[in-house]
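Sequences listed follow chains A and B, in order. Using this note's numbering, read the first sequence as starting at 3 and increasing by one per residue. Using this note's numbering, read the second sequence as starting at 48 and increasing by one per residue. Report on the structure given below.
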Amino acid sequence: MSLLAISGRDVDFWMILLVLLLCGIGVVTIYSTLQGSEVSSDSRLHLKQLFWIGLGMAAMVITATITYKVYYVLAPIFYLLSLLSLGLLFFLGDRGAGANRWLHLGGFSWQPAELAKVATIFMLAHYLSGRKTTAGSIKPFLPALAIVALPILMIIQQPDLGTSLVFMAVLVAMLYGAGMKPVDLFLLLSPALSVVCAFHLISWMIFILVLLVVLYRAQPRFLTTATIFLTNFAVGIITPILWRGLHEYQQKRILVFLDPGRDPLGAGYQVIQSKVALGSGGFIGKGFLEGTQTKLAFLPAQHTDFIFSAFGEQFGFLGSLLILLFFLLFIIRGLKAAQMARNRFASLIAMGAVAVFCFHIFVNVGVAIGIMPVTGLPLPFMSYGGSSMITNMVLVGLLLNIRYRWQEY
Amino acid sequence: MTSSRRLHNRTELIPLLVVLVLFGVLIFRLFFLQIVCAQTYRRLSEENRIRVIPVDAPRGHVLDRHGNVLVCNRPSYVVSIVPFKLRQMERTIETLAGFLGMESEQIMIRLRESGRRRFEPLKIKRDIDFKTLAVIQEHKLDLPGVIYQVEPRREYLYGDLAAHLLGTVGEISSGELADLRSSGYRHGSLIGKGGLEKQYERFLRGEDGVQYVEVSAVGREIGPLPNRPAVEAKPGNDLILTIDLSLQRTAEEALSDSVAGAVVAMDPASGEILAMVSRPAFDPNLFSSVIPESTWRALNEDPGHPLLNRAIQSAYPPGSILKVLTAGAGLEVGVINEHTRFSPCTGAFKYGDRWFGCWQSWGHGSLNLEHALAQSCDVYFYQLGLKVGLDRWSDFISSCGLGRSLGVDLAGEVSGLVPDRDFFNNHYGRRNWGPGVLLNLAIGQGENLATPLQMASLMAAIGNDGAIYRPHLVREIRSLTGKSLEQKSDVIGQLPISADHLKTLKKGLRSVVHHHQGTGRQAAVQGFEVAGKTGTAQNPHGEDHAWFAAFAPLEQPRIAIAVIVEQGGHGGSVAAPIAGRVMAAYLRGGGVQ
Numbered sequence: 003m004s005l006l007a008i009s010g011r012d013v014d015f016w017m018i019l020l021v022l023l024l025c026g027i028g029v030v031t032i033y034s035t036l037q038g039s040e041v042s043s044d045s046r047l048h049l050k051q052l053f054w055i056g057l058g059m060a061a062m063v064i065t066a067t068i069t070y071k072v073y074y075v076l077a078p079i080f081y082l083l084s085l086l087s088l089g090l091l092f093f094l095g096d097r098g099a100g101a102n103r104w105l106h107l108g109g110f111s112w113q114p115a116e117l118a119k120v121a122t123i124f125m126l127a128h129y130l131s132g133r134k135t136t137a138g139s140i141k142p143f144l145p146a147l148a149i150v151a152l153p154i155l156m157i158i159q160q161p162d163l164g165t166s167l168v169f170m171a172v173l174v175a176m177l178y179g180a181g182m183k184p185v186d187l188f189l190l191l192s193p194a195l196s197v198v199c200a201f202h203l204i205s206w207m208i209f210i211l212v213l214l215v216v217l218y219r220a221q222p223r224f225l226t227t228a229t230i231f232l233t234n235f236a237v238g239i240i241t242p243i244l245w246r247g248l249h250e251y252q253q254k255r256i257l258v259f260l261d262p263g264r265d266p267l268g269a270g271y272q273v274i275q276s277k278v279a280l281g282s283g284g285f286i287g288k289g290f291l292e293g294t295q296t297k298l299a300f301l302p303a304q305h306t307d308f309i310f311s312a313f314g315e316q317f318g319f320l321g322s323l324l325i326l327l328f329f330l331l332f333i334i335r336g337l338k339a340a341q342m343a344r345n346r347f348a349s350l351i352a353m354g355a356v357a358v359f360c361f362h363i364f365v366n367v368g369v370a371i372g373i374m375p376v377t378g379l380p381l382p383f384m385s386y387g388g389s390s391m392i393t394n395m396v397l398v399g400l401l402l403n404i405r406y407r408w409q410e411y
Numbered sequence: 048m049t050s051s052r053r054l055h056n057r058t059e060l061i062p063l064l065v066v067l068v069l070f071g072v073l074i075f076r077l078f079f080l081q082i083v084c085a086q087t088y089r090r091l092s093e094e095n096r097i098r099v100i101p102v103d104a105p106r107g108h109v110l111d112r113h114g115n116v117l118v119c120n121r122p123s124y125v126v127s128i129v130p131f132k133l134r135q136m137e138r139t140i141e142t143l144a145g146f147l148g149m150e151s152e153q154i155m156i157r158l159r160e161s162g163r164r165r166f167e168p169l170k171i172k173r174d175i176d177f178k179t180l181a182v183i184q185e186h187k188l189d190l191p192g193v194i195y196q197v198e199p200r201r202e203y204l205y206g207d208l209a210a211h212l213l214g215t216v217g218e219i220s221s222g223e224l225a226d227l228r229s230s231g232y233r234h235g236s237l238i239g240k241g242g243l244e245k246q247y248e249r250f251l252r253g254e255d256g257v258q259y260v261e262v263s264a265v266g267r268e269i270g271p272l273p274n275r276p277a278v279e280a281k282p283g284n285d286l287i288l289t290i291d292l293s294l295q296r297t298a299e300e301a302l303s304d305s306v307a308g309a310v311v312a313m314d315p316a317s318g319e320i321l322a323m324v325s326r327p328a329f330d331p332n333l334f335s336s337v338i339p340e341s342t343w344r345a346l347n348e349d350p351g352h353p354l355l356n357r358a359i360q361s362a363y364p365p366g367s368i369l370k371v372l373t374a375g376a377g378l379e380v381g382v383i384n385e386h387t388r389f390s391p392c393t394g395a396f397k398y399g400d401r402w403f404g405c406w407q408s409w410g411h412g413s414l415n416l417e418h419a420l421a422q423s424c425d426v427y428f429y430q431l432g433l434k435v436g437l438d439r440w441s442d443f444i445s446s447c448g449l450g451r452s453l454g455v456d457l458a459g460e461v462s463g464l465v466p467d468r469d470f471f472n473n474h475y476g477r478r479n480w481g482p483g484v485l486l487n488l489a490i491g492q493g494e495n496l497a498t499p500l501q502m503a504s505l506m507a508a509i510g511n512d513g514a515i516y517r518p519h520l521v522r523e524i525r526s527l528t529g530k531s532l533e534q535k536s537d538v539i540g541q542l543p544i545s546a547d548h549l550k551t552l553k554k555g556l557r558s559v560v561h562h563h564q565g566t567g568r569q570a571a572v573q574g575f576e577v578a579g580k581t582g583t584a585q586n587p588h589g590e591d592h593a594w595f596a597a598f599a600p601l602e603q604p605r606i607a608i609a610v611i612v613e614q615g616g617h618g619g620s621v622a623a624p625i626a627g628r629v630m631a632a633y634l635r636g637g638g639v640q
């Protein structure tokens, strides 16, 4: 119930240890990226990161201490506040470099999208925990879709494709956690798949065919069937039109992802250099501070988006494997918390938090190894950055919270 | 509680599987990158950070026989692009093209041609002036990937002097590069394109050096790579020519700019070429940088063919010069001696039902061999030719070395032509020519062809007791370390004429210049005995070509010369004075060895 009620037995020290290990490796790697003569970043970034870690730990302790019943009550207010701050971006945002992500208020800056992640998880859990899970109908989940769609639409305006997609991952995980059947999940998400397939006529026609088969087998009510089918159809037609409305750099990133060779000096440059860094690290790596790609600044955004490559160049396959192992153990601890929690709200929040981490890890590392488009998502605990560090720590706090209060309803 | 239980079972398995699959994908891919492809990426990361900067070796200098420098190198600035470092390619190239006064498309073509060698600087424009350099330096930040370097540029100190024999250098072509890449040539390498520059390419060209420099992603050079010392460029060898600069100048001045023609002067005792001029000429400096297309086309399509070295690449009917060999044939075959006279010349000679005229329409009267040569009487040599006969005549002329190239150390030497029976059979058909052709051949007209170099060489041989030396332009190849390779003088043949008969011929040639009725009096050099022969080559396309070939002094000659002026008219009045002026300059100047 309160801090005093915590018994050491229930605190997930393993999770705390893993997070601290990853943070520590992150600081050391950030330090290594600042050593080359060509690095133009602030040479004290690793120290700043230590400060962010400290602040994050404080946020983690606070989040972990307050009982989640409070979050349940406050969820709608959080959600509205986060939408408000996202809306404020339209008026007060820092319009630098074509992207509009930062809000400066009261002497410090933060990214409202980070806050929105937590608030949306709360709101979704709040809504979904109050619904009965009835099989065969996807109708109760439409409001859930709306809860996620609002922040996505505002963030995609910034524009930040990667972060918008995080919300999709959260939605899928939490709907699943709330008891939705995979078939229904497929139908719910079918418009998104339609978007992906719409770029290629034949693949889109195959998709529509699969959709029809699934609809026939699942046999939802006529109105639902018609709605799903028409939505998919409309989306498939509108997407190519919207594509032309995308920022040129976004289009380019996606295209270059499909064929990095088409622009080795532009967007594909980042991916090529990242792969060169990782690949040249070999089995045991070039050694700490010996990474030439890192030191000579061939690696772009090496202390943020490409920190995994900087680490992999210096510590090789063994090092990369170790980091992925830490992350895997961390995720498993998170799933364990979701599984153990008896409270439906708490369990859903854990699912959402795990989804955020999974998505970030998979996409960030996926970009570094060239199997994902360049999205600019940070690697949790390791990439330099205050906003993401605090958000991640808050999420860790929630997982710890849920874990040691697992018996509460 | 039951629903909650079910929830827990579900959250357990499927999410865990999804997470494991995702991590499995990442690990599998990392294994592929860091273990399977590690070698490839290791190489790429090395290439990333090491820029190999080639250092051009300076080409060897070209000097005349007395050590006067004719061709050297001077430093010049070249603007290059390191393709790998280019950012915002189109804009950068457009900006650069503007500064250099080029079309963006030209630069794009060069970039494409350079192919995959993205870490090597690619030369865009050579020999830019300081103003352009300053502008580029000023806009350095707008031109990522654009660098400038200093390189040696070929400089021909005397402009078009001896242009044809010195030759030109130019950028290696894609075709040449395909054959020569293994010999150390690169894109943008200079290579000899003509003349001695081409002939002696492998000596003149040094060995390019290499610098290894560690560079950062933005292209800044961090410094030389430890453990990889630079390879010094080795300069090329110097060529010491047989050419005598002052004589070459005299010959250039003597042969007017406004005519087409050639002068070749050589040392009869060695075959060393002392001067070689071809008109019209060109300035080889034009080729040293990237030659503008328009200039190239103008030179190539000029009806005067300025790029042709007429001294060795053009063959003309030798005209009356050949009479000296017809005379030699008569003496050697034994159909005449020095006193023999034929029917007196009346200005024309009737053979069959056709009249063959003498150049002097009022006739020469009765002449002996000496005077027939001196006055170049056609009627005398018609009759002599008929006595010798076609086959013996052709054999004799051929064995004097005509109709074959002499093997001078310049590419493109043509062989000329000595027509024989087979030639006429092949050319006109067995029945379509008669013995009358011999009359024209005997006086050097008709199908006969010879180069100015062959005529100079013939005179040298006559003056030098019949020994034929291989004409050559390079005396010595000297490396910087002082080692040198001397070119020996090879005797490549001997005129099939006995010493007595040579003496007879020389007497006739002397009279050409010294007898008051001689046709070559204008070639006389005060104080020296000159032996020579005029020629007037019939030209079906216009005015006759004027020839003069000579050697001097008569005994122990020091210079042999041939002069041709295309469409100049009479050899005696047009070519002989030019030869006289060149010989005088050489003989009076002492003709230093």
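Beta carbons: idealized from backbone N, C-alpha and C, even for Gly. These numbers come from a predicted model, not from an experiment.
For this session: Give the DSSP-derived three-state secondary structure of B:M313 in the structure shown.
Result: The sequence position of residue 313 of chain B within the second sequence is 266, counting from 1. Of the three classes helix, strand and coil, the one that applies to B:M313 here is strand, per DSSP.
Exercise. Sorted by chain position, which residues of the same chain lie with C-beta nearer than 6 Å to A:G293's C-beta, five sequence neighbours on each side aside?
Worked result: To locate residue 293 of chain A, count along the first sequence from 1; it is residue 291. Same-chain partners within the cutoff: E315, Q316.
Problem set entry | Contact list for the stretch 372-388 of chain A against chain B, Cβ threshold 9 Å | G372, I373
Exercise. Using the rule of at least 16 other Cβ atoms within 10 Å of the residue's Cβ for burial, across every protein chain shown, is A:M207 buried or exposed?
Worked result: The residue you call residue 207 of chain A lines up with position 205 of the first sequence. A:M207 is exposed by the Cβ-count criterion.
Exercise. Which stretch, first to last residue, makes up the beta strand (DSSP E) that contains B:S127?
Worked result: Stepping through the second sequence from its first residue, residue 127 of chain B is reached at position 80. Counting along the chain, the beta strand (DSSP E) containing B:S127 begins and ends at 116-128.
Problem set entry | 8 Å Cβ cutoff met for A:V369 and A:V358 | Working through the first sequence from its first residue, we reach residue 369 of chain A at position 367. Working through the first sequence from its first residue, we reach residue 358 of chain A at position 356. Not in contact: A:V369 and A:V358 (Cβ atoms no closer than 8 Å).
Problem set entry | Close Cβ partners of B:R52 (< 6 Å) along its chain, the five nearest in sequence each way excluded | Taking the first residue of the second sequence as position 1, residue 52 of chain B is located at position 5. Model confidence at B:R52 stands at a pLDDT of 49, short of 50, so the residue's coordinates are unreliable; what they give is reported in the following sentence. Within the same chain, B:R52 has no close Cβ partners at all.
For this session: Name the two residues that bound the continuous alpha helix (DSSP H) containing A:L117.
Result: Here residue 117 of chain A is taken as the residue at index 115 of the first sequence, counted from 1. Its alpha helix (DSSP H) spans residues 114-131.
Exercise. Can you find a heavy atom of the ligand MN that lies under 7 Å from the Cβ of B:Q534?
Worked result: Here there are no bound small molecules, and the ligand MN is not part of this structure.
For this session: Keeping to the same chain, check which residues put their C-beta closer than 8 Å to that of B:P199; ignore five residues upstream and five downstream.
Result: Taking the first residue of the second sequence as position 1, residue 199 of chain B is located at position 152. Cβ within range, chain order: D103, P105, R106, N120, R121, P122, S123.
Problem set entry | Alpha-carbon spacing of B:H592 relative to B:Q360, whole angstroms | Mapped onto the second sequence, residue 592 of chain B falls at position 545. Mapped onto the second sequence, residue 360 of chain B falls at position 313. If you take the alpha carbons of B:H592 and B:Q360, they lie about 16 Å apart.
Problem set entry | Which listed residue (A:V63, A:S389, A:R46, A:L85) has its alpha carbon closest to that of A:F15 | The residue labelled residue 15 of chain A in the question sits at position 13 within the first sequence. Residue A:V63 is the option with its Cα nearest to A:F15.
Exercise. Between A:G283, A:G354, A:G399, which lies nearest to B:R90 when the distance is taken from Cα to Cα?
Worked result: As a working note, residue 90 of chain B is residue 43 in the second sequence. For B:R90, the nearest C-alpha among the options comes from A:G283.
For this session: Go ahead and pull the three-state DSSP assignment for B:L488.
Result: For this step, residue 488 of chain B is matched to residue 441 along the second sequence. If DSSP states are grouped into helix, strand and coil, B:L488 belongs with the helices.
Exercise. Mind listing which residues of the stretch 273-295 of chain B have their C-beta closer than 8 Å to chain A's C-betas, in chain order?
Worked result: none
For this session: Using alpha carbons as the reference points, say which of A:W408, A:R407, A:T393, A:R405 lies closest to A:V120.
Result: Locating residue 120 of chain A in the first sequence gives position 118, where the first residue counts as 1. When each option's Cα is compared against that of A:V120, the closest is A:T393.
Exercise. In angstroms, rounded to a whole number, what distance separates the CA positions of B:L80 and A:L320?
Worked result: Taking the second sequence and counting its residues from 1, the one referred to as residue 80 of chain B is at position 33. Taking the first sequence and counting its residues from 1, the one referred to as residue 320 of chain A is at position 318. Answer to the nearest angstrom: the Cα atoms are 13 Å apart.
Exercise. Less than 8 Å separating the beta-carbons of A:S276 and A:F308?
Worked result: Position 274 of the first sequence, counting from 1, holds the residue named residue 276 of chain A. Position 306 of the first sequence, counting from 1, holds the residue named residue 308 of chain A. Cβ atoms of A:S276 and A:F308: closer than 8 Å.
For this session: Counting only the same chain and skipping the five closest in sequence on each side, list residues whose C-beta sits under 8 Å from that of A:V2.
Result: Any property of residue 2 of chain A remains undetermined from this structure, which presents chain A solely from 3 to 411.
For this session: Measure the C-alpha to C-alpha separation of A:V197 and B:G217 and round it to an integer number of angstroms.
Result: For this step, residue 197 of chain A is matched to residue 195 along the first sequence. For this step, residue 217 of chain B is matched to residue 170 along the second sequence. About 57 Å.
For this session: Can you say whether A:L144 is buried or exposed, counting buried as having 16 or more other CB atoms within 10 angstroms of its CB?
Result: The sequence position of residue 144 of chain A within the first sequence is 142, counting from 1. With fewer than 16 other Cβ atoms within 10 Å, it is exposed.
Exercise. Are the beta-carbon atoms belonging to B:T581 and B:G555 less than 8 Å from one another?
Worked result: As a first step, residue 581 of chain B must be located in the second sequence, where it is residue number 534. As a first step, residue 555 of chain B must be located in the second sequence, where it is residue number 508. For B:T581 and B:G555, no; Cβs fall outside 8 Å.
Problem set entry | chain A contact for B:Q81 (CB, 8 Å cutoff) | Here residue 81 of chain B is taken as the residue at index 34 of the second sequence, counted from 1. Closer than 8 Å: yes.
Problem set entry | Helix, strand or coil at B:P353 [DSSP, three-state] | Taking the first residue of the second sequence as position 1, residue 353 of chain B is located at position 306. If DSSP states are grouped into helix, strand and coil, B:P353 belongs with coil.
For this session: Would you check if the distance between the CB atom of B:A646 and the CB atom of B:V559 is smaller than 8 Å?
Result: Coverage of chain B is limited to positions 48 through 640, which leaves residue 646 of chain B absent and any answer about it impossible.
Exercise. So, does the CB of B:E198 fall closer than 8 Å to a CB anywhere in chain A?
Worked result: Start at 1 with the first residue of the second sequence, and residue 198 of chain B comes out as number 151. So no, B:E198 is outside the interface.
Problem set entry | Residue environment, A:V72, which counts as buried when at least 16 other CB atoms sit within 10 Å | The residue you call residue 72 of chain A lines up with position 70 of the first sequence. Classification for A:V72: exposed.
Exercise. So is A:R219 buried or exposed if we call it buried at 16+ other beta carbons inside 10 Å?
Worked result: As a first step, residue 219 of chain A is located in the first sequence; it is residue number 217 there, counting from the start. Under this definition A:R219 is an exposed residue.
Problem set entry | Which listed residue (B:R477, B:F595, B:P604) has its alpha carbon closest to that of B:V371 | In the second sequence, counting from the first residue as 1, residue 371 of chain B sits at position 324. Among B:R477, B:F595, B:P604, the Cα nearest to that of B:V371 is on B:F595.
Exercise. Taking C-alpha atoms, which residue in B:D456, B:R468, B:E602 lies nearest to B:Q246?
Worked result: Here the question's residue 246 of chain B lines up with position 199 in the second sequence. When only C-alpha atoms are compared, the closest one is B:D456.
Problem set entry | Touch test, the stretch 395-410 of chain B against the stretch 423-442 of chain B, Cβ-Cβ under 8 Å, three pairs minimum | yes
Problem set entry | Three-way DSSP call (helix, strand, coil) for B:K397 in this model | To locate residue 397 of chain B, count along the second sequence from 1; it is residue 350. B:K397: strand per DSSP, three-state reduction.
For this session: Take B:I219 and list the residues in its own chain whose beta-carbon comes closer than 6 Å to its own, dropping the five residues that flank it on each side.
Result: Along the second sequence, one-based indexing puts residue 219 of chain B at 172. Around B:I219: Y232, S236, I238.
Exercise. From what residue to what residue does the alpha helix (DSSP H) around B:F598 run?
Worked result: Your numbering for residue 598 of chain B matches position 551 in the second sequence. Here B:F598 belongs to no alpha helix (DSSP H); instead the beta strand (DSSP E) covers 592-599.
Exercise. Name the DSSP beta bridge partners of B:T215, please?
Worked result: Within the second sequence, the letter at position 168 stands for residue 215 of chain B. Beta-bridge pairing links B:T215 to B:G241.
Exercise. On the three-state DSSP scale, how would you describe B:T498?
Worked result: For this step, residue 498 of chain B is matched to residue 451 along the second sequence. Coil.
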